[in-house]
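Chemist: Sharing a structure with you now.
Numbering (the numbering used here), first residue to last: 1 to 171.
What follows is the structure in structure tokens.
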């Protein structure tokens, strides 16, 4: 089992470093940094051990990454429900969906490769935060809404060693 460790930067709590073996890479973190008590919309990356579950890639934009994780091509109808009142909360859903959601085929590149981490997925609690993903970073590693973001090059490097037992320890 491969483990990744994420720690915040001493200079900017919205950025950090991910270490796997001898490799250390830059990451973007949530706009509120790392937090203990995650709530929907608070902008925290949860301080937790997060298992990598599965992911999606934009087959119309990028080549399929090499990984032992289950990966599926993203479709234009795929959305992730972030409405705590919905029965679909923190689940992959399909359009049309009237409740609040994020589209998995974004106009920007952030979800060209996206990995679902087990935050509030296997055991859901309403309002405890949804859609904590490992996804691609904005230029300059601008903060996320609570996810962990890396460059496409680093994502591909990480996915080569990841499988369904891989944990990201956010400290």
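Glycine included, C-beta positions come from ideal geometry on N, C-alpha and C.
Between the Cα of residue 56 and those of 47, 45, 70 and 49, spot the shortest distance and give me the residue it belongs to.
Modeler: Closest option to residue 56, Cα to Cα, is 70.
Chemist: Reducing DSSP to helix, strand and coil, say where residue 142 ends up.
Modeler: The answer is coil: DSSP assigns residue 142 none of H, G, I, E or B.
Chemist: Apart from the five residues just before and just after residue 8, which ones in its own chain have a Cβ nearer than 7 Å to its Cβ?
Modeler: So the list reads 16, 29, 33 and 34, once near-sequence residues are dropped.
Chemist: Would residue 40 and residue 127 qualify as a contact pair, given that the criterion is a beta-carbon distance under 7 Å?
Modeler: The answer is yes: Cβ separation under 7 Å.
Chemist: Please determine, among 132, 157 and 121, the residue with the shortest C-alpha to C-alpha distance to residue 43.
Modeler: Comparing Cα-Cα distances from residue 43 to each of 132, 157 and 121, the minimum goes to 132.
Chemist: Starting from residue 152, trace the alpha helix (DSSP H) both ways and give me its first and last residue.
Modeler: First-last of the alpha helix (DSSP H) with residue 152: 152 to 161.
Chemist: Taking just the CA atoms, how far does residue 76 sit from residue 4?
Modeler: Approximately 31 Å, taken between the alpha carbons.
Chemist: For a quick check, are the C-beta atoms of residue 136 and residue 152 less than 7 Å apart?
Modeler: Against a cut-off of 7 Å, the Cβ pair of residue 152 and residue 136 comes out as a contact.
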